[in-house]
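The opening position of the sequence shown corresponds to residue 8 in this note's numbering, with each subsequent residue numbered one higher.
By construction, the Cβ of each residue, glycine as well, lies at the ideal position given by its N, Cα and C atoms.
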Amino acid sequence: MYTDSSFAPAVSGSNEEQELKRVMDRYKKAKSRWMSWSDLWEEIYDYVLPHRESFYQESQASRRTENIYDETAVVGLPKFASRLQLGFFPPNGRAFRLQPGPEFPKEMMGSGLQEELDKITDLLHEGLRNSNFNAEMHEGLQDLGIGTMNLLCEEGRFQGDLHFSSVPPTNLALLPGRMDGVSDWFRWNDYMDITEVKHRYPKAKYTEKMASEQKRNPKRKTKIVEATVYDEQDRFKDEYTYYLISETDNCILIKERLKGRGSQPWITTRWSKSGFEVWGRGPVLQAMPAIKTLNLTVQLILENAEMAIAGSYVYDDDGVFNPDNITIQPGTFIPRSPGSSIESLQSAGRFDVAQLVIDDMRRNVRKALFIDE
């Protein structure tokens with residue numbers, strides 16, 4: 008995907024320190040913008056995407072569905088992504104067709120130009136079908152339902168091979184650029200072993216301190232930051248710089264220039280954007296009041312049903328009956344002294360209107376996700 012990229016080793020001395028400081032300052036600025044959104048995204052993940060990685064520290068494979076009582080939004084978001092994918096990027100169809108622009112003279116149109124462009128179109132679609140584009144695009148469109156999709160396109164193992172990665176906002180920060188676009192991307196990994204860095208990034212060059220640390224403690228955790236930064240010195244150049252930085256060891260492991268149109272590997276799109284915000288706002292964000300109301304209503308119905316099934320009881324305290332030793336269930340014999348009684352306690356209210364609220368809220372959530380026409 009890099010049309011004209013040149014690899015440059017990490018610079019040394021004071022220049023490296025200044026460059027590292029400049030990149031890390033931009034990373035901290037992007038991270039501060041990211042932190043202002045993380046609480047909102049975490050709430051969305053709790054109600055809509057419980058299977059996704061959390062924005063906060065937690066153990067792997069932890070249960071995150073205990074507080075979900077209605078699955079309308081959980082099931083609806085993948086359906087929303089599937090409808091968009093089938094409409095814009097059909098797996099076995101054409102997502103686009105290359106055609107000559109208006110700058111081509113009419114006499115060139117009959118010289119087989121369109122046939123050649125159709126061959127190129129088929130070749131591009133064949134490359135997408137042979138890659139993991141369809142699977143990653145579906146994941147990315149779910150992020151678009153929240154507000155922002157970030158798709159990373161990288162070179163594969165052989166010539167012409169493409170590898171796509173849908174990067175969720177859990178470990179990605181953005182900075183705005185010219186014309187309200189995105190200029191900088193920062194991706195981090197807090198759980199990588201120092202030995203794993205070389206396996207994942209073969210071009211990475213360790214410092215002497217990192218090499219000796221790897222020999223002493225090969226399992227030491229190292230925080231890695233990948234930065235794709237726009238070259239602001241010359242805004243008329245379409246040029247970016249890729250950095251691989253070890254924040255733990257405070258050094259640049261890889262520096263690579265990305266030159267030319269198409270060299271920038273990130274595909275970022277927003278559903279809608281407000282003001283000077285770099286992150287987008289999607290239909291899930293707009294439907295969160297209905298999603299939370301629906302979840303709470305179903306929770307109250309289940310709690311009311313539990314109360315109706317198990318019940319509450321009053322009894323005469325005669326020193327014989329001990330409620331701590333009694334489980335009220337079918338087939339249970341409860342001893343009591345003559346004259347004492349056990350009576351059920353009626354609930355103070357009924358929840359007959361709950362079904363009306365549920366039907367209305369479910370309809371609103373499905374309409375927000377374009378599931379219902």
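Query raised in the report: Does the Cβ of Leu309 have 16 or more other Cβ atoms within 10 Å, making it buried, or fewer, making it exposed?
Result: exposed
Query - Spatial neighbours of Lys210 in its chain, beta-carbon cut-off 6 angstroms, leaving aside the 5 residues before and after - result: Ile261
**Report entry** Selected residue, minimal CA-CA separation from Leu301, among Pro98, Met31, Arg370
**Finding:** Arg370
Query raised in the report: Counting Cβ pairs, one atom from each stretch, are 3 or more of them under 8 angstroms apart for the segment 256–272 and the segment 47–61?
Result: no
Query raised in the report: Under the three-state reduction of DSSP, which class applies to Asp191: helix, strand or coil?
Result: strand
Query raised in the report: Tell me, which residues are paired with Arg29 by DSSP?
Result: None, per the DSSP bridge assignment.
Query raised in the report: So what does DSSP say about Ile201, is it helix, strand or coil?
Result: helix
Query - Test item: CB-CB of Gly154 and Arg40 under 8 angstroms - result: no
**Report entry** Contacting residues, own chain, Cβ-Cβ under 8 angstroms from Ile127 (five flanking each side not counted)
**Finding:** Leu105
Query raised in the report: For Ala102 versus Phe111, is the C-beta spacing smaller than 8 angstroms?
Result: no
**Report entry** Every unbroken alpha helix (DSSP H) inside the segment 198–273 [4 residues or more]
**Finding:** 201–207, 215–223
Query raised in the report: Are at least three pairs of beta-carbons, each pair with one atom in the segment 120–134 and one in the segment 59–79, less than 8 angstroms apart?
Result: no
Requested in this report: Keeping to the same chain, check which residues put their C-beta closer than 8 angstroms to that of Ala17; ignore five residues upstream and five downstream.
Outcome: At Ala17 the pLDDT is 47, less than 50, meaning the model places this residue with poor confidence; the figure from the coordinates comes in the next sentence. Hits under 8 angstroms: Glu23, Lys212, Cys258, Ile259, Leu260, Ile261, Lys262.
Query raised in the report: Does DSSP put Arg104 in a helix, in a strand, or in coil?
Result: coil
Query - Given 8 angstroms, three or more beta-carbon pairs between the segment 152–169 and the segment 291–306 - result: yes
Report task. For the beta strand (DSSP E) holding His170, just list the boundary residues, first then last. Result -> 169–173
**Report entry** Rounded distance between the beta-carbons of Tyr247 and Leu265, thought under 8 angstroms
**Finding:** 4 angstroms
Query raised in the report: From Thr202 to Lys230, what does the alpha carbon distance come to, in whole angstroms?
Result: 12 angstroms
Report task. Determine the burial state of Val233: buried for a count of at least 16 other Cβ atoms within 10 Å of its Cβ, exposed for fewer. Result -> The sequence given here has Glu at residue 233, not Val. By the 10 Å Cβ count, Glu233 comes out buried.
Query raised in the report: If you draw a straight line from the C-alpha of Glu123 to the C-alpha of Gly108, how long is it?
Result: 14 angstroms
**Report entry** Classification of Ala180 by the beta-carbon crowding that lies within 10 angstroms, buried from 16 upward
**Finding:** buried
Requested in this report: Take the Cβ of Met199 as the centre, count every other Cβ of all protein chains shown within 10 Å, and call the residue buried at 16 or more, exposed below.
Outcome: buried
Report task. Could you check what DSSP says for Thr276 in three-state terms: helix, strand or coil? Result -> strand
Query raised in the report: Shortest alpha-carbon distance to Ile274 belongs to which of Leu148, Glu60, Ser89?
Result: Leu148
Report task. Hey, could you find the ends of the beta strand (DSSP E) Pro183 is sitting in? Result -> 179–183
Query raised in the report: Between which two residues does the alpha helix (DSSP H) harbouring Met186 extend?
Result: Counting along the chain, Met186 falls outside any alpha helix (DSSP H), and DSSP gives it neither H nor E.
**Report entry** Proximity of Glu161 and Pro272 at Cβ, strictly below 8 angstroms
**Finding:** yes
Report task. Identify which residue in Val305, Asp245, Glu239 has its Cα closest to the Cα of Leu363. Result -> Val305
Requested in this report: Enumerate in chain order the residues of its own chain whose CB-to-CB distance from Lys86 is below 6 angstroms, with the five nearest sequence positions on each side excluded.
Outcome: Ile378
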